[in-house]
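For the record, in the sequence shown the residue sitting at position 218 is 218 according to the UniProt record's numbering, with numbers rising by one throughout. Worksheet for the structure shown next.
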Amino acid sequence: MEVQDEFELNEEELFEHHSFKASKGQDPLRIDKFLMNFIENATRNKIQQAARDGNVWVNGATVKQNYKVKAGDHIRVMFAHPPHENLLTPENIPLDIVYEDDVLLIVNKPAGMVVHPGHGNYSGTLINALIYHFENLPKNSDERPGLVHRIDKDTSGLLVVAKTEAAMTHLAKQFFEKSSEREYIALVWGNVEEDEGTIEGHIGRNPKNRLQMHVFPEGEQGKEAVTHYKVLERLGYVTLLSCTLETGRTHQIRVHLRHIGHTLFNDERYGGERVLKGTTFTKYKQFVDNAFKILPRQALHAKTLGFVHPVSGKFMRFDSEIPEDMANCIEKWRQYAKHSQAE
């Protein structure tokens, strides 16, 4: 191992920003390339600079940027400042509040807004907006104010936010016990043959690409995940689905649908930004490219949210419209399917 000769701070004076364990099947790979697969929004230049500055550690010692990661290595990225996600700054960002009372609120999150700060996204998040508009929000187990659950940056739709500790506990318990109701609308590649079905498969981090989740055989790795789906409309080479969640794992719908061969339309992280079904004609490829431009994100919307109110005890259900970008893309496929059938 190549250890740097000089660095100003020892391990005890640094803050851990990232930590990874190289899997048993890891082939030797330069650490800058390895970390690019694991850290979102990281560039090779930034990683190399971090290594030069003594901020990249392997098995307890700093390494240079050309160090080759091998199976079992414990890699840590350490800096002299705490992670930015721990430094929350209130920001005057407008919120689309669907409902609000003394103990909770329902927010309709637009696509493109990150829910909470993280690597590469330290401002402009839902949390930054919430702490500007509301004081003394309770923190969840991850120290994130108000958040009971989350949806991905490029997924639009409904979120419930707790305003009191009691509401946080009550709502979190419903999500944990699978008694809350969550329906998503998804546009996926391919013709989903069954009118309805259930996808089961433990979900955990992909050991070869930490930015992706992966479905593992039961009992091996990951956590239990269950997704139910129903076909709403068949549109030729894509299908419109309603998906309901029993569990709430990271990227659950995205990775489950990919697992059964129906990747979300334009889901770049899971390969849905390519033409996965259809013809080889140039005209068709141009049609799909135009559909990608209309909907420059994964085709997923958190449409319906239901739960028992923490104070009144009444079941509440909220519904949201499919946003314009996704609705326009669906309509484009609808017209394409009609035209194809007429030919």
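We treat Cβ as the ideally placed atom computed from N, Cα and C, and that holds for glycine.
**Asked** Under 9 Å, do residue 298 and residue 276 count as touching if we go by C-beta distance?
**Response** no
**Message:** Going by beta-carbon coordinates alone, are residue 334 and residue 235 separated by less than 9 Å?
**Reply:** yes
**Request:** Compute the Euclidean distance between the alpha carbons of residue 88 and residue 116, then round it to the nearest angstrom.
**Result:** Going by the C-alpha atoms only, they are around 9 Å apart.
**Asked** Relative to the alpha-carbon of residue 324, which residue among 293, 312, 309 and 251 has its alpha-carbon at the smallest distance?
**Response** 293
**Item:** residue 102 versus 158, 148 and 165, residue with shortest Cα-Cα distance
**Value:** For residue 102, the nearest C-alpha among the options comes from 165.
**Asked** residue 302 bridges to which residues according to DSSP?
**Response** 157 and 184
**Message:** Among 174, 271 and 239, whose alpha-carbon lies nearest the alpha-carbon of residue 211?
**Reply:** 271
**Asked** With burial defined as no fewer than 16 other Cβ atoms inside 10 Å of the residue's Cβ, what is the status of residue 71: buried or exposed?
**Response** exposed
**Prompt:** Taking all protein chains shown into account, do 16 or more other C-beta atoms lie within 10 angstroms of the C-beta of residue 267, making it buried, or fewer, making it exposed?
**Reply:** Buried, since its Cβ has 16 or more Cβ neighbours within 10 Å.
**Asked** Between the region 151-169 and the region 296-314, are three or more C-beta pairs nearer than 8 Å?
**Response** yes
**Prompt:** Can you name the start and end residues of the beta strand (DSSP E) that residue 240 belongs to?
**Reply:** Per DSSP, residue 240 belongs to the beta strand (DSSP E) from 238-245.
**Contact check, residue 51 vs residue 93, beta carbons under 9 Å** = no
**Prompt:** How many Å lie between residue 206 and residue 296 at the Cα?
**Reply:** For residue 206 and residue 296, the distance between alpha carbons rounds to 25 Å.
**Asked** With contact counted as at least three CB pairs below 8 Å, one residue from each stretch, are the region 215-229 and the region 30-41 in contact?
**Response** Under the 8 Å Cβ criterion, the region 215-229 does not count as touching the region 30-41, having fewer than three qualifying pairs.
**Item:** For residue 289 and residue 123, the rounded distance between their alpha carbons
**Value:** 31 Å
**Request:** Helix, strand or coil for residue 165, going by three-state DSSP, please let me know.
**Result:** helix
**Prompt:** In chain order, which continuous runs of the beta strand (DSSP E) of length 3 or greater are located wholly inside the UniProt domain "RNA-binding S4" (29-94)?
**Reply:** 56-58 and 74-79
**Prompt:** What residues are listed by DSSP as bridge partners for residue 147?
**Reply:** Among the bridge pairs identified by DSSP, residue 147 is matched with 161.
**Item:** For residue 320, the three-state DSSP class (helix, strand or coil)
**Value:** coil
**Request:** Would you decide whether residue 54 is buried or exposed? Buried here means 16 or more other CB atoms lie within 10 Å of its CB.
**Result:** buried
**Request:** With a floor of 3 residues, list each beta strand (DSSP E) that falls wholly inside the region 188-239, ordered by position along the chain.
**Result:** 196-200, 202-206, 209-216 and 226-235
**Item:** Inter-residue CB distance, residue 302 and residue 157 (contact presumed, cutoff 8 Å)
**Value:** 3 Å
**Prompt:** Counting pairs of Cβ atoms below 8 Å between the region 168-177 and the region 138-148, do you hit three or more?
**Reply:** Here the region 168-177 lies against the region 138-148, with 3 or more beta-carbon pairs under 8 Å apart.
**Asked** Can you give the Cα-Cα distance for residue 201 and residue 246, rounded to whole angstroms?
**Response** Going by the C-alpha atoms only, they are around 12 Å apart.
**Asked** So what does DSSP say about residue 19, is it helix, strand or coil?
**Response** strand
**Asked** If residue 188 sits next to residue 125, beta carbons under 8 Å apart, how far is it from one beta carbon to the other, in whole angstroms?
**Response** Their Cβ separation, rounded to whole angstroms, is 28 Å, which puts residue 188 and residue 125 out of contact at 8 Å.
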